[in-house]
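What follows is a single structure, written as structure tokens, with notes after it.
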Amino acid sequence: VAPAPVGLRGATEQVQLRGRVALAPSEGSSSASPVASLALVGVAAAAAGSSAKVQRSRRSRVVRLAAVNYKTVFLFPGQGAQTVGMCKELTDTCPAAKALFDKASDILGYDLLDVCVNGPKEKLDTTAVSQPAIFVASMAAVERFKQDGGSVDDATVAMGLSLGEYSALCFAGALDFEDGVKITKARGEAMQAAADAVQSSMVSVIGLDAEKTEALCKAASEQSGKSVKIANYLCNGNYTVSGDKEACSKLVEIAKPEFKARMAVPLAVAGAFHTDFMAPAVGKLKEALAAANIKAPRIPVVSNVDAEPHGEPASIKDKLARQVTAPVLWEKQMQALVASGQFEK
Numbered sequence: 001v002a003p004a005p006v007g008l009r010g011a012t013e014q015v016q017l018r019g020r021v022a023l024a025p026s027e028g029s030s031s032a033s034p035v036a037s038l039a040l041v042g043v044a045a046a047a048a049g050s051s052a053k054v055q056r057s058r059r060s061r062v063v064r065l066a067a068v069n070y071k072t073v074f075l076f077p078g079q080g081a082q083t084v085g086m087c088k089e090l091t092d093t094c095p096a097a098k099a100l101f102d103k104a105s106d107i108l109g110y111d112l113l114d115v116c117v118n119g120p121k122e123k124l125d126t127t128a129v130s131q132p133a134i135f136v137a138s139m140a141a142v143e144r145f146k147q148d149g150g151s152v153d154d155a156t157v158a159m160g161l162s163l164g165e166y167s168a169l170c171f172a173g174a175l176d177f178e179d180g181v182k183i184t185k186a187r188g189e190a191m192q193a194a195a196d197a198v199q200s201s202m203v204s205v206i207g208l209d210a211e212k213t214e215a216l217c218k219a220a221s222e223q224s225g226k227s228v229k230i231a232n233y234l235c236n237g238n239y240t241v242s243g244d245k246e247a248c249s250k251l252v253e254i255a256k257p258e259f260k261a262r263m264a265v266p267l268a269v270a271g272a273f274h275t276d277f278m279a280p281a282v283g284k285l286k287e288a289l290a291a292a293n294i295k296a297p298r299i300p301v302v303s304n305v306d307a308e309p310h311g312e313p314a315s316i317k318d319k320l321a322r323q324v325t326a327p328v329l330w331e332k333q334m335q336a337l338v339a340s341g342q343f344e345k
């Protein structure tokens, strides 16, 4: 396993590379246990690199990233990986990382590092605070990676789960750090407000494939008269659903006895992310995106919305606005990397 700049444990997805393992935290996963520090995990696969090309398989409907083009993949975490105490060692030992926190604090109007290190947990866990916190921590980890001798120029593709997509875009040069802080602040506040406006929830469903999970959502919706849908396609057998609180409760009730799920666990999150419940957040997010100077990324950054690499700035803004109400296609993104030929299942 390639060394990470800061330890990361908790909810992960795993893809076996040739001699290496890539880890990506699963936002909204039942196993999102606290992490010692928040960080990206950059993993190198030994393979020749060249300019990126994208191919689409008609049979599998999986976006294919052409073989021998991706030798280093950077994966960035989403909301839910935060824990009180994170980034203390990182900022104590890396001046560039500390400088990013100072810059972010000036933009946010409060001491972000103090909240990360000292809490209180209730404040750090709010969507309004945790989103900029995770973004800044991820970019600070990049600085530590560089300080330790890592080369970001070796990276040939970047991806992030939900909020982590902003970190990936910043890493790839499409988004300035300052704009990233402003956007994640606006996004977090808007999503928090949308969540507070309705009684909604998320549930992690373990042990069912996508088709059965969709059937479970349909049954819970019909029996409760409310809506619940898949929000995060994480990996086969691990999906997060979002919806009305009553529908989520019904889903938990029937998941094991009627659908033979291994687990159905309600998550400690603010609301039903990546569904239409977040529609009220889109307007404020669009305003923040419109004010940002977004550029084409220097390397491919794969979108959660359609599992395809981002293109021009206008398209990036459009997909990021759509992302808050669209399901995260992380499973499809991982399949695309496997299909590239650089990864072993």
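Each residue of the sequence shown is one higher than the one before, starting from 1 at the first, in the working numbering. Even glycine gets a Cβ: it sits at the ideal position worked out from N, Cα and C.
Could you check what DSSP says for P132 in three-state terms: helix, strand or coil?
It is helical.
What residue range is occupied by the uninterrupted beta strand (DSSP E) comprising F76?
Segment T72 to F76, the beta strand (DSSP E) holding F76.
Are L175 and I294 touching if we call contact CB-CB under 9 Å?
Contact: yes.
Just the Cα atoms here: how many angstroms apart are I316 and K123?
Looking at the two C-alpha atoms, the distance is approximately 30 Å.
Measuring straight from C-alpha to C-alpha, what distance separates F74 and K182?
The alpha-carbon atoms of F74 and K182 are separated by roughly 23 Å.
Quick one: what's P266 bridged to in DSSP?
Answer is V203, bridged to P266.
Using the C-alpha atoms, what's the distance from A220 back to G109?
Those two C-alpha atoms are separated by around 43 Å.
Given 8 Å as the limit, is there contact between the stretch 74-86 and the stretch 120-136, that is, 3 or more CB pairs closer than that?
With a cut-off of 8 Å, the stretch 120-136 and the stretch 74-86 count as touching, because enough Cβ pairs lie within range.
Quick check: the stretch 194-209 against the stretch 233-245, are at least 3 beta-carbon pairs closer than 8 Å?
Counting Cβ pairs under 8 Å, three or more are found: they touch.
What separation, rounded to the nearest whole angstrom, lies between the Cα atoms of P313 and P300?
Rounded to the nearest angstrom, the two C-alpha atoms are 13 Å apart.
Between which residues of its own chain and K260 is the CB-CB distance below 6 Å, once the five residues before and five after are set aside?
Nothing meets the Cβ criterion.
Given this structure, state the Cα-to-Cα distance separating M86 from V117, to the nearest angstrom.
So the alpha carbons of these two residues sit roughly 6 Å apart.
Output the residue ranges of the beta strand (DSSP E) runs that lie fully inside the stretch 207-260 and measure 3 residues or longer, sorted by chain position.
Those beta strand (DSSP E) runs which fall completely within the stretch 207-260 and span 3+ residues are 228-235 and 238-244.
My output table needs one value for P95: the three-state DSSP class, helix, strand or coil.
DSSP places P95 in helix when its eight states are reduced to three.
Starting from G350, trace the beta strand (DSSP E) in both directions and tell me its first and last residue.
Outside the displayed span of the chain (1 to 345) sits residue 350, for which this structure offers no information.
Please classify R187: is it buried, with 16 or more other beta-carbons within 10 angstroms of its beta-carbon, or exposed?
Buried: at least 16 other Cβ atoms inside 10 Å.
Per DSSP, P309 forms a beta bridge with which residues?
The partner list for P309 (beta bridge, DSSP) reads V302.
Within 10 Å of its beta-carbon, does Q14 have 16 or more other beta-carbons around it, so buried, or fewer, so exposed?
In this prediction, Q14 scores a pLDDT of 30, lower than 50, which makes its location untrustworthy; the coordinate-derived value is nonetheless stated afterwards. Answer is exposed; the Cβ neighbour count stays below 16.
Buried or exposed: R144, going by 16 or more other Cβ atoms within 10 Å of its Cβ?
R144 comes out buried.
Could you have a look at V84 and say whether DSSP puts it in helix, strand or coil?
Reduced to three states, the DSSP call for V84 is coil.
Ends of the alpha helix (DSSP H) at D179?
Element bounds for D179: F177 to A197.
Which residues in the same chain as I206 place their Cβ atom closer than 8 Å to its Cβ, once the five residues preceding and following it in sequence are excluded?
S30, G237, N238, A261, R262, M263, A264 and V265, listed in sequence order.
On the DSSP bridge list, what partners appear for V328?
In DSSP, V328 forms a bridge with N232.
To the nearest whole angstrom, what separates the beta carbons of P327 and Y233, a pair I think is in contact under 8 Å?
Indeed they touch by this definition, with Cβ atoms about 6 Å apart.
Among residues of its own chain, excluding the 5 on either side of F101, which ones have a beta-carbon nearer than 7 Å to its beta-carbon?
Cβ within range, chain order: T91, L112, L113, V136 and A140.
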